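So the protein lines, in turn, are chains A and B.
Heads up, our numbering is the position in the first sequence plus 28, with the first residue counted as 1.
Heads up, our numbering is the position in the second sequence plus 71, with the first residue counted as 1.
By construction, the Cβ of each residue, glycine as well, lies at the ideal position given by its N, Cα and C atoms.
Fair warning: this is a prediction, and the values are worked out from it, not measured in the lab.
As structure tokens, the structure follows; a few thoughts come after it.
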Amino acid sequence: MTHPLIQLDQVIKEYETGAGPLRVLHGVSLTVQEGEFVAVVGPSGSGKSTMINMVTGIDRPTEGVVTVAGACLNGLSENQMARWRGRNVGVIFQFFQLLPTLNVLENVILPMDFCNTYPPRERKERALHLLAQVEMADQAHKLPGAISGGQKQRAAIARALANDPPLLVADEPTGNLDSKTADRVFDLFAELVGRGKTLVMVTHDREIAQRLPRVVQVQDGCILAGQP
Amino acid sequence: MNALQTIRLKTLRDLWRNRSRTLMVVLSVAVGVLGVGMIVVTWDILTTDLGRRYAAINPAHVEISVPAGVSEDDLRGLETAPGVVQVQGRAVFSTRYRADGPEGTWQTIDLIAFPDPTAQVINILAPDEGAWPPGREEMVVERASLSEMAAAAGVSVNGACGASVVVDAGGRERSLTIAGTVHQQDAVTAAVRGSPVAVVSLDTLVKLRGHDRMNTIYLIVDDLEQRAEVAAAARERLERAGYDVGQVTLRDPAVHPAQDVLDVLLLVMGILGVLALALSGFLVTNTISALITQQIDQIGVMKAIGADTGLVLRAYSLTVLAYGVLGTLVAMPLAGRTGYGLARYLAGQLNIDLYPDRASPLAVAVMLGVGIAVPFIAAAGPLWRGAHITVREAIADYGLGGGSGDNRLVQGLDRVQGLPRVWALAVRNAVRVPSRLALTLLTLALGGATFIAVLSTDSSFGRTIDNLLEGQYGMDVLLAFRTEQRPSQVLPIVTSHGEVVRAEAWYFDTAVMRLASGQEVQVTMFAGPHDTQFYQPTLSAGRWLQPGEGQARQPAAVVVNRKWADEEGVQLDDPVTLDLGDGAPVSEWVVVGFNQDLVRQQTGVFVSLESLDHVLKRTDRTVTLEVRYAEHDLASQRRITAEVIDLLEQNGVEVFSTLMMSDIRGQVVSLYRILIIFLMVMSVLMALIGGLGLMGMMSINVLERSKEIGVMRAIGADSRAIVQIFWGESMVIAAISFILTLALSLPLSRAMTRAVGMAFIDTPLSFTYAAPGIACWLVLVLLIGSLASIAPALNAANLSVRESLSYE
Numbered sequence: 029m030t031h032p033l034i035q036l037d038q039v040i041k042e043y044e045t046g047a048g049p050l051r052v053l054h055g056v057s058l059t060v061q062e063g064e065f066v067a068v069v070g071p072s073g074s075g076k077s078t079m080i081n082m083v084t085g086i087d088r089p090t091e092g093v094v095t096v097a098g099a100c101l102n103g104l105s106e107n108q109m110a111r112w113r114g115r116n117v118g119v120i121f122q123f124f125q126l127l128p129t130l131n132v133l134e135n136v137i138l139p140m141d142f143c144n145t146y147p148p149r150e151r152k153e154r155a156l157h158l159l160a161q162v163e164m165a166d167q168a169h170k171l172p173g174a175i176s177g178g179q180k181q182r183a184a185i186a187r188a189l190a191n192d193p194p195l196l197v198a199d200e201p202t203g204n205l206d207s208k209t210a211d212r213v214f215d216l217f218a219e220l221v222g223r224g225k226t227l228v229m230v231t232h233d234r235e236i237a238q239r240l241p242r243v244v245q246v247q248d249g250c251i252l253a254g255q256p
Numbered sequence: 072m073n074a075l076q077t078i079r080l081k082t083l084r085d086l087w088r089n090r091s092r093t094l095m096v097v098l099s100v101a102v103g104v105l106g107v108g109m110i111v112v113t114w115d116i117l118t119t120d121l122g123r124r125y126a127a128i129n130p131a132h133v134e135i136s137v138p139a140g141v142s143e144d145d146l147r148g149l150e151t152a153p154g155v156v157q158v159q160g161r162a163v164f165s166t167r168y169r170a171d172g173p174e175g176t177w178q179t180i181d182l183i184a185f186p187d188p189t190a191q192v193i194n195i196l197a198p199d200e201g202a203w204p205p206g207r208e209e210m211v212v213e214r215a216s217l218s219e220m221a222a223a224a225g226v227s228v229n230g231a232c233g234a235s236v237v238v239d240a241g242g243r244e245r246s247l248t249i250a251g252t253v254h255q256q257d258a259v260t261a262a263v264r265g266s267p268v269a270v271v272s273l274d275t276l277v278k279l280r281g282h283d284r285m286n287t288i289y290l291i292v293d294d295l296e297q298r299a300e301v302a303a304a305a306r307e308r309l310e311r312a313g314y315d316v317g318q319v320t321l322r323d324p325a326v327h328p329a330q331d332v333l334d335v336l337l338l339v340m341g342i343l344g345v346l347a348l349a350l351s352g353f354l355v356t357n358t359i360s361a362l363i364t365q366q367i368d369q370i371g372v373m374k375a376i377g378a379d380t381g382l383v384l385r386a387y388s389l390t391v392l393a394y395g396v397l398g399t400l401v402a403m404p405l406a407g408r409t410g411y412g413l414a415r416y417l418a419g420q421l422n423i424d425l426y427p428d429r430a431s432p433l434a435v436a437v438m439l440g441v442g443i444a445v446p447f448i449a450a451a452g453p454l455w456r457g458a459h460i461t462v463r464e465a466i467a468d469y470g471l472g473g474g475s476g477d478n479r480l481v482q483g484l485d486r487v488q489g490l491p492r493v494w495a496l497a498v499r500n501a502v503r504v505p506s507r508l509a510l511t512l513l514t515l516a517l518g519g520a521t522f523i524a525v526l527s528t529d530s531s532f533g534r535t536i537d538n539l540l541e542g543q544y545g546m547d548v549l550l551a552f553r554t555e556q557r558p559s560q561v562l563p564i565v566t567s568h569g570e571v572v573r574a575e576a577w578y579f580d581t582a583v584m585r586l587a588s589g590q591e592v593q594v595t596m597f598a599g600p601h602d603t604q605f606y607q608p609t610l611s612a613g614r615w616l617q618p619g620e621g622q623a624r625q626p627a628a629v630v631v632n633r634k635w636a637d638e639e640g641v642q643l644d645d646p647v648t649l650d651l652g653d654g655a656p657v658s659e660w661v662v663v664g665f666n667q668d669l670v671r672q673q674t675g676v677f678v679s680l681e682s683l684d685h686v687l688k689r690t691d692r693t694v695t696l697e698v699r700y701a702e703h704d705l706a707s708q709r710r711i712t713a714e715v716i717d718l719l720e721q722n723g724v725e726v727f728s729t730l731m732m733s734d735i736r737g738q739v740v741s742l743y744r745i746l747i748i749f750l751m752v753m754s755v756l757m758a759l760i761g762g763l764g765l766m767g768m769m770s771i772n773v774l775e776r777s778k779e780i781g782v783m784r785a786i787g788a789d790s791r792a793i794v795q796i797f798w799g800e801s802m803v804i805a806a807i808s809f810i811l812t813l814a815l816s817l818p819l820s821r822a823m824t825r826a827v828g829m830a831f832i833d834t835p836l837s838f839t840y841a842a843p844g845i846a847c848w849l850v851l852v853l854l855i856g857s858l859a860s861i862a863p864a865l866n867a868a869n870l871s872v873r874e875s876l877s878y879e
């Protein structure tokens, strides 16, 4: 029996602009169960990234309730949010966003340092284990500038897994990769979902989206399709 | 709207949108311009006012000293000498005074008297407060001496007028009332000279000295170029009239006597001011470089839609111009205020009144020039590179920004294991943009090195003075008797005091030395025991004095100071004669050694008291004793001196005056303390620029790494972790700069110590590296590092995660 991991309830998001308030999300409701692999698709400016930001706590709703991994995000302060996110959500970016002055291994250890999730002595071993899982153990001591895009993304995935979060959120994770490398990353995601992780992925890639069991289509700040 | 108008609009909006950055650069430019502007204002105001005030007193072109004094008639006779326009005589003499009561202790005072003080024509003394001219039994005190005299009289400064002091009149005591103050601008102040100055009437002069002859003659000549000839003619006329003429000094009426010292002081400060300006330029370089990196996509877009290199150059030049103009506008009023304040402080030390506060057009021009030129010079490199970037290069730039982090320094530091991740991040981030780091480090390190160099100069000055006083003035007090005494009688009395370690008889006088070349030179003669323990000569050639010289057909030996000996071409074994005047026989001597004396007058010559007595055909005579005590602090010196004076008076020997070594040290220290204070102000200014530079660098780093901050937030970093990373980075930079400071401070300290020594006492100072200054700077630089990182680190912690991760 599965439980809902993500629940967006009538979420409205408005931004103040020079021309007045701009509503980006119009009362969106979304539920994602534990272990689901969900694609979020939509044209540019449709509000999909805003919706994902609600899930990761990177942004806050103007109205509505966001509950993720059992926590209501509306009431968390910035610092509480950062620590919660570090423990519960693994974020994967389009441009990998590895810190360039830390080597791959250190990049993977960093979330554990920030959230103090594992005993310091175990962090390195765990990071190496995660890197081995994404076939990056041999690159562990290289700086990000010295590895390829695909390798960076795999390192970023290892980093996202550092604190063993139940939820992984990937924003255009294959958008900056060639098709072969993108396939490998996708396979890795599928494997993670197979091991019980929940994965929400924003993508423009129709081909990849079609391979997912559930596709949430966003347009003009509303969910058009993909609700169970 | 044409392209330039659009660019102006963009520039203004960029400046406004990045207000904190704009403020930082404007402040930095302002501090640099302030450093230079302040010095120029001080120099301009002080030099102008000094010149005007000095000209207003109608300064003498020639000053002739006639120790025995000249009668009024002979003085008038000089008016008809060829080339002489005006003549005025003064009686200037030293005596002693004390508070009007039995408890007062005697102190030295210089008194001035001249006929009809209301009709002065040369070196005019201006009435200040109270009565003028002084009446019978009155004295009008030089205004800078009032506080000292008031303290000696035991009254407050406000209550000094009307108070009485007792003045020694050749053994008798006369009570004089302080009737007012006068302003003397042709000499250094009492604080520097060491004894107060007061004016008395001719009547009082006669009562004090028994005559009204003038021993100082001032001349105004019709042609300044001819003043040497006029002075020589006047001297000849006086000598024909039977006077022994002492020193003849030629003066430039356009140059205040203190102008030379002032020029050196302001030059040293000016150099530091220029350095401060250069350092502030580094921040402009860093900021423009960061601005162009940040706006590289905009440059790409501008070029893609038709902007050429020139247009891009003009676009960013406008930003630089705005920084320069704004910084200069901020600095100008501050420089005016502080510059005038510094000028007023220095003028106070020189006993000069400034004219009312006003703008210095020269300083305004200099500030405008450097305030605009320096930012352009500093920004030239980044501007050129930014303007010449291609569209392809510009639009290819994306990602985290703030330096790739893939340079060799980062790679090298990656091998350093064991650091906590957050600190590893801080250390490696610090070296991420090496050029920016280098400029910031240079700014901080130079600020620190200057700070330590100033402290080293202070210590070196102190040590030099101590060495000189210890080595060449090994006494604690100089006792002067009213009348000549027998050393064989007074020495045992003085040394019978339990705390007197040693006493030596010394005799000082001026003399005319005729050199082997036939030239005559006025010298100051120091005669003491040949085996003196109070004066340690530094011989550059020849030997020191020996016993028995001048007797049994041995020539009397004289040691002369090397510097003027070189100038006059004096050689070892040269025969010379000494004429001490006052009817003493002209004596024959031979030069046996050259001495390097850093304190005594350049024209000092040393002979043994024994040989002087022999050639003067007298025995066992002295008017002064140098005495060394077991304790050397001022309180002990005062106490033991009072006890020794009591001892002497019990034996019928009257002490006329005393000069304590601590007082001499105080006078010397008061002179250079001004320099140290000024240098310290400049080093604080440089430290401020260093702090601003670091803050600027940290702000740029936060700006460039906003995405990184967002990523760290996204993977769990809370505000504390973010602040710790940026604070740590600032600390790392501060620590590296400290190491550089250590390396730079030694040569800089040596250079500054040498330059200041050569400028002020014509010889390098005894170098002392200010080790405590290192610890002081470490604390300061860590404090600067912390303060400089507070605002940027808090900004970083408060960045919105969503905005920092967005790509537009």
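query                                                                                                                                                                                   : result
Could you confirm whether any beta carbon from chain B is found closer than 8 angstroms to the beta carbon of VAL83 of chain A?                                                         : no
Have a look at the DSSP bridge pairing and note the partners of GLY249 of chain A.                                                                                                      : Answer is none; GLY249 of chain A lacks a bridge partner.
Along the chain, which unbroken stretches of the beta strand (DSSP E) at least 3 residues long are found entirely within the segment 101 to 167 of chain B?                             : 133 to 141
Which residue from B:ILE745, B:ALA805, B:MET732, B:VAL739 puts its Cα closest to that of GLY764 of chain B?                                                                             : B:ALA805
Could you tell me whether the Cβ of GLU879 of chain B comes closer than 8 angstroms to any Cβ of chain A?                                                                               : Annotation note: pLDDT 39 at GLU879 of chain B (below 50); position unreliable, no value reported.
Three-state secondary structure (DSSP) at PHE597 of chain B?                                                                                                                            : strand
Hey, could you find the ends of the alpha helix (DSSP H) ALA210 of chain A is sitting in?                                                                                               : 207 to 222
So is the beta-carbon of GLN157 of chain B under 7 angstroms away from any non-hydrogen atom of the ligand FAD?                                                                         : The model depicted lacks the ligand FAD and carries no ligand whatsoever.
List, in order along the chain, the chain B residues whose C-beta lies closer than 7 angstroms to that of ARG113 of chain A?                                                            : ALA785, GLY787
Between which residues of its own chain and ARG234 of chain A is the CB-CB distance below 6 angstroms, once the five residues before and five after are set aside?                      : none
Return the CA-CA distance between LEU146 of chain B and VAL715 of chain B, expressed in angstroms with no decimal places.                                                               : 44 angstroms
Starting from the Cα of THR231 of chain A, find the closest Cα among A:VAL221, A:ARG187, A:ILE120 and give me that residue.                                                             : A:ILE120
Spatial neighbours of PRO153 of chain B within its chain, please: CB distance less than 8 angstroms, with the 5 preceding and 5 following residues excluded, ordered by chain position. : VAL301, ALA304
Listing by chain order, which chain A residues have their CB less than 8 angstroms from the CB of VAL481 of chain B?                                                                    : PRO128, THR129, LEU171
Check the Cβ-Cβ distances between ASP192 of chain A and every residue of chain B, and say whether any is below 8 angstroms.                                                             : no
Sort out for me which residues DSSP pairs ASN666 of chain B with in a bridge.                                                                                                           : B:LEU610, B:ASN632
Here's the rule: buried if 16 or more other CB atoms are within 10 angstroms of the residue's CB, otherwise exposed. What is THR45 of chain A?                                          : exposed
Going by DSSP, which residues form a beta bridge with ALA451 of chain B?                                                                                                                : DSSP, once it has assigned bridges, lists no residue as partnering ALA451 of chain B.
For chain B, is any of its Cβ atoms less than 8 angstroms away from the one on ILE34 of chain A?                                                                                        : no
Suppose you measure from the CA of ILE793 of chain B to the CA of VAL782 of chain B; what does that come to, to the nearest Å?                                                          : 11 angstroms
Taking ASN194 of chain B as part of the alpha helix (DSSP H), name the residues at either end of that continuous run.                                                                   : No alpha helix (DSSP H) contains ASN194 of chain B, which DSSP labels as neither H nor E.
Does any residue of chain A have a CB that is nearer than 8 angstroms to the CB of GLU800 of chain B?                                                                                   : no
For LEU496 of chain B, which residues in chain A fall below 9 angstroms Cβ to Cβ?                                                                                                       : LEU127, THR129, LEU130, GLU134, LEU138
If you run the structure through DSSP and keep just helix, strand and coil, what is ALA186 of chain A?                                                                                  : helix
Looking only at its own chain, which residues have a Cβ that is under 7 angstroms from the Cβ of LEU817 of chain B, when we skip the five neighbours before and after it?               : TYR840
Just tell me which of B:MET109, B:SER360, B:GLY341, B:PRO130 has its CA closest to the CA of LEU454 of chain B.                                                                         : B:SER360
May I ask you to verify whether the segment 135 to 150 of chain A touches the segment 203 to 215 of chain A, counting CB pairs closer than 8 angstroms and requiring at least 3?        : no
In this structure, what does DSSP give as the bridge partners for ALA576 of chain B?                                                                                                    : B:LEU696
Using the C-alpha atoms, what's the distance from ASN107 of chain A back to TYR411 of chain B?                                                                                          : 51 angstroms
Mapping DSSP to helix, strand and coil, what is ARG926 of chain B?                                                                                                                      : In the structure displayed, chain B extends from 72 to 879; residue 926 of chain B sits before or after that span and is not available.
Please check the pair VAL253 of chain B and PRO198 of chain B, which I expect to be a contact at CB under 8 angstroms, by giving their CB distance rounded to whole angstroms.          : 6 angstroms
Kindly indicate which three-state DSSP category HIS254 of chain B falls into: helix, strand or coil?                                                                                    : strand
Pull out every residue of the segment 97 to 108 of chain A whose Cβ sits closer than 9 angstroms to any Cβ of chain B, in chain order.                                                  : GLU106, ASN107, GLN108
Keeping to the same chain, check which residues put their C-beta closer than 6 angstroms to that of PRO32 of chain A; ignore five residues upstream and five downstream.                : THR59, GLN61
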